[in-house]
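K.L.:
Note that full-length UniProt numbering has the sequence shown beginning at 1, numbered continuously upward.
Each residue gets a CB set at the ideal place from its N, CA and C atoms; glycine is no exception.
In this text the structure is predicted, and so the values were computed from the model without any measurement.
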Amino acid sequence: MTVGAPGSEVVLETSRLLLRPWRAAEAGVLRELWTERDPRVPPHRRIDKDGRPTVAELADAIRTNRMWSTGLLAVERTTSRDVIGYCGLVDSGRGSAGEPELAFELLRRVWCQGYATEAAVAVVEWARSSGHERLWATVWDWNTASRRVLAKVGFTETDREEVDAVHGTMLFTTRRL
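Set out below in structure tokens:
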């Protein structure tokens with residue numbers, strides 16, 4: 001794993017992946033992620049009836065660093081140089097102060113190839129080397145694939161959950177570093 005020097009942009013490298021800042025030209029990948037989301041995902045995280053966010057809006061958000069300043073890195077395959085999703089740390093406010101949340105999402109066409117686990121391991125190691133003592137991750141109870149990834153990288157489910165009658169139950173997981 002390669003990590004940028006303190007104060008520089010974060011770049012993480014694994015045997016198959018490069019995790020790095022987003023480029024505006026990759027907004028189409030983000031739009032594709034939005035279109036693939038499960039219909040049980042809350043509406044504010046899906047494409048709305050007016051087709052928003054658009055590729056142009058997502059590109060602008062990347063360019064102005066509005067959406068990606070939280071530490072979500074583009075996940076790029078090193079052999080094909082294509083971006084397949086994101087993984088990183090966000091300050092969701094769901095965990096304790098100073099304890100970020102691990103977040104990841106990959107395009108459906110690359111599921112079941114170990115990429116999410118590989119990217120998550122790199123981000124967990126980055127968090128440990130950055131001095132974090134614990135990470136959180138939230139996951140819908142129906143999202144068995146993401147629950148498996150979290151378990152593989154050492155997260156355990158807590159007793160905390162948020163029940164939503166429409167979208168399901170949000171489970172809270174944590175991992176000590």
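Who are the Cβ neighbours of Ala-25 in its own chain at under 8 Å, not counting the five residues just before and after it?
P.N.:
The residue labelled residue 25 in the question sits at position 25 within the sequence shown. Answer for Ala-25: Ala-59, listed in chain order.
K.L.:
Whole-angstrom Cβ separation of Leu-150 and Val-139, contact assumed at under 8 Å?
P.N.:
Locating residue 150 in the sequence shown gives position 150, counting from the first residue. Locating residue 139 in the sequence shown gives position 139, counting from the first residue. The Cβ separation is near 6 Å, so the contact holds.
K.L.:
So what's residue 186 in DSSP terms, helix, strand or just coil?
P.N.:
For residue 186 there is no data in the structure shown, the boundaries of the chain being 1 and 177.
K.L.:
Would you check if the distance between the CB atom of Gly-85 and the CB atom of Leu-33 is smaller than 8 Å?
P.N.:
Looking up residue 85 in the sequence shown gives position 85. Looking up residue 33 in the sequence shown gives position 33. Yes, these two residues count as a Cβ contact at 8 Å.
K.L.:
Which of the three DSSP states is assigned to Gly-28 in this structure?
P.N.:
Start at 1 with the first residue of the sequence shown, and residue 28 comes out as number 28. Three-state DSSP puts Gly-28 in a helix.
K.L.:
Looking at the unbroken alpha helix (DSSP H) that takes in Ala-145, where does it start and where does it end?
P.N.:
Mapped onto the sequence shown, residue 145 falls at position 145. Looking at the DSSP string, the run of the alpha helix (DSSP H) that includes Ala-145 is 144 to 152.
K.L.:
In terms of residues, what are the limits of the beta strand (DSSP E) holding Thr-117?
P.N.:
Start at 1 with the first residue of the sequence shown, and residue 117 comes out as number 117. Run containing Thr-117: none in the beta strand (DSSP E); it sits in the alpha helix (DSSP H), 115 to 129.
K.L.:
Is it buried or exposed for Pro-101, if we count other Cβ within 10 angstroms and need 16 for buried?
P.N.:
Along the sequence shown, read from residue 1 onward, the residue named residue 101 stands at position 101. Note that residue 101 is Glu in the sequence shown, not Pro. Under this definition Glu-101 is a buried residue.
K.L.:
Going by alpha carbons, who is nearest to Val-110 out of Val-29, Arg-176 and Arg-20?
P.N.:
Position 110 of the sequence shown, counting from 1, holds the residue named residue 110. Val-110 has its Cα closest to that of Val-29, out of Val-29, Arg-176 and Arg-20.
K.L.:
Could you pull the start and end residues of the beta strand (DSSP E) that Arg-176 belongs to?
P.N.:
Locating residue 176 in the sequence shown gives position 176, counting from the first residue. Where Arg-176 is concerned, the enclosing beta strand (DSSP E) stretches over 168 to 176.
K.L.:
Determine, using beta carbons only, whether Asp-141 and Thr-158 come nearer to each other than 8 Å.
P.N.:
Position 141 of the sequence shown, counted from the start, is the residue given in the question as residue 141. Position 158 of the sequence shown, counted from the start, is the residue given in the question as residue 158. Contact flag unset, no.
K.L.:
Which of helix, strand or coil does DSSP assign to Ser-69?
P.N.:
Working through the sequence shown from its first residue, we reach residue 69 at position 69. Residue placement at Ser-69 cannot be trusted, given a pLDDT of 48 that sits under 50; what the coordinates show is reported in the next sentence. Here Ser-69 sits in coil by DSSP.
K.L.:
Does the region 39 to 54 come close enough to the region 15 to 24 that 3 or more CB-CB pairs lie under 8 Å?
P.N.:
Cβ pair count under 8 Å is below three, so no.
K.L.:
Quick one: residues in its chain with C-beta nearer than 7 Å to the C-beta of Ala-119, no 5 flanking neighbours on either side, listed in chain order?
P.N.:
For the purposes of this step, residue 119 is taken as residue 119 along the sequence shown, with counting starting at 1. Closer than 7 Å at Cβ, skipping near neighbours: Leu-17, Leu-19, Val-75, Cys-87 and Phe-104.
K.L.:
Among the residues of its own chain, which have a CB less than 6 Å from the CB of Pro-42, if the five just before and after it don't count?
P.N.:
Along the sequence shown, one-based indexing puts residue 42 at 42. If we look at Pro-42 and ignore the five residues flanking it on each side, its Cβ neighbours are His-167.
K.L.:
State the CB to CB distance for the pair Leu-89 and Ala-61, rounded to an integer number of angstroms; the pair is presumed to be in contact (CB under 8 Å).
P.N.:
As a working mapping, residue 89 is identified with position 89 in the sequence shown. As a working mapping, residue 61 is identified with position 61 in the sequence shown. In fact, because the Cβ distance is near 18 Å, the residues do not count as touching under 8 Å.
K.L.:
Roughly how far, in whole angstroms, is the beta-carbon of Arg-134 from the beta-carbon of Arg-175, given that I think they are within contact range, below 8 Å?
P.N.:
Within the sequence shown, numbered from 1, the residue matching residue 134 stands at position 134. Within the sequence shown, numbered from 1, the residue matching residue 175 stands at position 175. About 7 Å; that satisfies the 8 Å criterion.
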